[in-house]
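All remarks here apply to the structure that follows.
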Amino acid sequence: MNRYNLEFDKKASKDILALDKSVRNFILDELETFINNFDEDYEKELIKLTKIKALKGEFKGLYRLKLRTYRVIYEKQGDKLIILVLRVSHRKDVYK
């Protein structure tokens, strides 16, 4: 199993801090679980469950992770094994 690091873009950090404390804790706990379990099989399982989706168009190369009504937009950075969180927001706002 590969061990990924979790990094937050400046905008994602602001997104996280703007959330209610209980929502913020939920999302951070879920992201910790996500990176601790992340490997090819886990990714395939989450895709099958529609929890992860590769984005298209102007967002090509990015991925969406569904966490209740919130969305985490992230990018995998190859050999560095880094998941860079770019946005964390309610689903109605995340792509703006």
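Just so you know, the sequence shown maps onto residues 2 to 97 in the working numbering.
Ideal Cβ positions, reconstructed from N, Cα and C, are used throughout, including at glycine.
Asked, Found
"Indicate whether Ile-36 and Arg-25 have their beta-carbon atoms separated by less than 8 Å.", "no"
"I'd like to check one pair, Glu-8 with Val-95: are the Cβ atoms closer than 8 Å?", "no"
"CB-CB under 6 Å to Glu-59, same chain, minus the five flanking residues each way: which ones, in chain order?", "none"
"Once the 5 residues before and after His-91 are set aside, which same chain residues still bring their CB inside 8 Å of it?", "Thr-70, Tyr-71 and Arg-72"
"Around the Cβ of Arg-88, are there at least 16 other Cβ atoms within 10 angstroms (buried) or fewer (exposed)?", "buried"
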